[in-house]
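Student: In my numbering, the protein residues as written are 7 to 404.
1) What runs of the beta strand (DSSP E), each 3 residues or longer, lie entirely inside the region 197 to 279?
2) Closer than 7 Å by C-beta to residue 488: which residues in its own chain qualify, once you throw out the five before and the five after it? Chain order, please.
3) Helix, strand or coil, according to DSSP, for residue 14 in the structure here?
4) Compare the Cα-Cα distances from residue 174 to each of 232, 103, 237 and 211 and report the closest residue.
5) Taking only the alpha-carbon atoms, compute the straight-line gap between residue 93 and residue 230 and give it to the nearest angstrom.
6) If contacts are defined as beta-carbon pairs under 8 Å, then residue 368 and residue 385 qualify, I think. What distance do you get, rounded to the angstrom?
7) Under 7 Å Cβ to Cβ from residue 276, same chain only, skipping five residues before and after it: list those, please.
8) Measuring only the C-alpha atoms, how far is residue 286 from residue 203?
9) Using 10 angstroms around the beta-carbon of residue 171, count the other beta-carbons present and answer buried if the total reaches 16, otherwise exposed.
10) Please identify the residue among 91, 118, 117 and 101 whose C-alpha is closest to the C-alpha of residue 108.
11) Name the DSSP bridge partner or partners of residue 65?
12) Specify the secondary structure class of residue 302 as computed by DSSP and reduced to three states.
13) For residue 318, which three-state DSSP category applies?
14) Please return the same chain residues whose Cβ sits closer than 6 Å to the Cβ of residue 241, not counting the five positions on each side in sequence.
15) Between the region 317 to 326 and the region 282 to 299, can you find at least three pairs of beta-carbon atoms closer than 8 Å?
16) Could you work out which residue in 249, 147, 106 and 71 is closest to residue 118 when comparing CA atoms only?
17) DSSP three-state label for residue 398, please.
18) Apart from the five residues on each side of it in sequence, which residues of its chain come closer than 8 Å, Cβ to Cβ, to residue 132?
19) Considering only the alpha carbon of each residue, which of 388, 362 and 399 lies closest to residue 56?
20) Going by beta carbon distance, what residues of the same chain come within less than 8 Å of residue 59, once the five residues before and after it are set aside?
21) Check whether the Cβ atoms of residue 176 and residue 216 lie closer than 9 Å to each other.
22) For residue 348 and residue 22, what's the separation of their Cα atoms in angstroms?
23) Would you say residue 97 and residue 62 are within 9 Å of each other, going by their C-beta atoms?
24) Any idea which residues DSSP pairs residue 360 with across the strands?
25) Are residue 298 and residue 262 close, meaning C-beta to C-beta below 9 Å?
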């Protein structure tokens with residue numbers, strides 16, 4: 007238990023102390039809003055500016071857990087425009103759980119082909135080798151432009167303590183696809199074009215539309231920033247042609263998270279685990295709709311690599327994070343150490359899961375901006391194989 011002589015503090019408390027103002031008693035502890043500017047540079051976007059935010063709140067109910075709505079709006083020097091809105095909401099005294107992912111991207115992104123070994127052994131690798139050109143990884147990038155529209159929303163009802171059952175609707179449309187290295191007159195074919203032609207997809211536009219069935223177990227003490235508990239979700243998605251899908255495909259998603267305290271007196275001192283698996287069953291999904299790194303609901307998988315770096319019909323991702331306080335008394339500042347691995351498949355080369363894995367890791371800092379909801383400001387530095395990235399955001403990665 008925290009001693010009275012060492013009260014917990016967040017950023018507003020520190021600002022009021024600096025201004026020599028008395029502590030502010032927040033009458034309504036049901037909600038907190040965090041807005042932060044987005045200033046970043048990475049290979050996927052170049053320089054980008056915008057804003058991101060999180061609203062954490064308690065719905066009506068004596069035992070309500072914190073819910074969250076996250077969003078961001080970003081414009082990059084490459085002409086990309088990105089809007090995202092994500093919700094994880096408990097209603098009716100935790101008897102109903104909503105989870106959604108809404109996006110509109112005018113986007114550009116490099117793809118390297120399928121599988122964790124990509125681009126080695128990919129379509130461009132063979133073509134470059136035949137012509138005696140450079141086969142370095144940078145030269146095998148396949149830049150693409152496209153628009154991405156997404157509406158994913160599920161609703162689940164509590165059937166037993168911590169257990170929810172429900173359904174959802176999932177819609178993704180990719181259009182105005184421009185495959186910059188594609189040249190059918192040479193001919194010079196890209197991974198996206200070859201995959202699309204092989205499985206009968208229009209390489210310029212396709213839709214994935216389907217319904218899902220969900221089973222969730224959630225015993226976390228706080229959705230925004232858990233100190234203990236477990237989260238497990240199984241989602242089976244059916245994408246029939248009569249709902250507009252380019253192909254009839256099933257997609258199974260399995261997710262597991264757990265949080266384990268390392269101190270009886272310091273809840274913030276813990277270790278967390280995250281597992282995410284996506285498995286295509288039946289006919290293949292269109293290329294850009296295949297499971298890929300960084301396309302989870304919150305876009306947090308794969309710190310250390312650019313979004314979409316690894317892609318395939320099946321993907322497994324695992325991460326562990328050690329979280330600890332740096333401010334010994336106030337609990338204002340914390341730190342994290344993390345490591346992750348990714349593995350994907352490639353049906354063209356026969357590459358299976360775990361034949362090769364892509365590791366990454368790094369460290370980060372946390373600044374507590376709301377002690378009631380446990381909302382932190384996140385700053386992470388991550389390093390993968392021939393790759394690195396900086397992440398600034400609200401709340402935890404998982």
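For glycine and all other residues, C-beta sits at the position ideal for the given N, C-alpha and C. Only a predicted model underlies this, so the values are computations on that prediction, with no experimental measurement involved.
Tutor: Reading off the structure:
1) Counting only unbroken stretches of 3 or more residues, the beta strand (DSSP E) elements lying wholly within the region 197 to 279 are 212 to 224, 235 to 245 and 255 to 267, in sequence order.
2) The requested residue 488 is not part of the displayed model; the chain covers only 7 to 404.
3) It is coil, neither helix nor strand.
4) When each option's Cα is compared against that of residue 174, the closest is 103.
5) About 11 Å.
6) About 11 Å separates the beta carbon of residue 368 from that of residue 385, a gap too long to meet the 8 Å contact definition.
7) Within the same chain, residue 276 has close Cβ partners 233, 265, 266, 267, 268 and 329.
8) Cα to Cα, the separation comes out at about 19 Å.
9) It is exposed - the Cβ of residue 171 has fewer than 16 other Cβ atoms within 10 Å.
10) Checking every option, the nearest Cα to that of residue 108 belongs to 91.
11) According to DSSP, residue 65 bridges with nothing at all.
12) Three-state result, residue 302: coil.
13) It is coil, neither helix nor strand.
14) Leaving aside the five residues that flank residue 241 on each side, the residues in its chain whose CB is nearer than 6 Å to its CB run, in chain order, 218, 220 and 259.
15) Enough Cβ pairs lie closer than 8 Å, so yes.
16) With respect to the C-alpha of residue 118, the residue from 249, 147, 106 and 71 having the closest C-alpha is 147.
17) DSSP, reduced to helix, strand and coil, places residue 398 within a strand of the structure shown.
18) Any answer about residue 132 is weak, because its pLDDT of 47 lies below 50 and its placement is not dependable; what the coordinates show is given next. Excluding sequence neighbours, residue 132 sits near nothing in its chain.
19) Comparing alpha carbon positions, the residue from 388, 362 and 399 closest to residue 56 is 399.
20) Listed in chain order, the non-local C-beta contacts of residue 59 below 8 Å within the same chain comprise 39, 40, 41, 42, 76, 77, 78 and 400, local neighbours out to five positions each way being set aside.
21) The answer is yes: Cβ separation under 9 Å.
22) Those two C-alpha atoms are separated by around 44 Å.
23) No, the pair does not count as a contact, with Cβ atoms beyond the cut-off.
24) According to DSSP, which records beta bridges pairwise, residue 360 is partnered with nothing at all.
25) Going by beta carbons, residue 298 and residue 262 fall outside the 9 Å limit.
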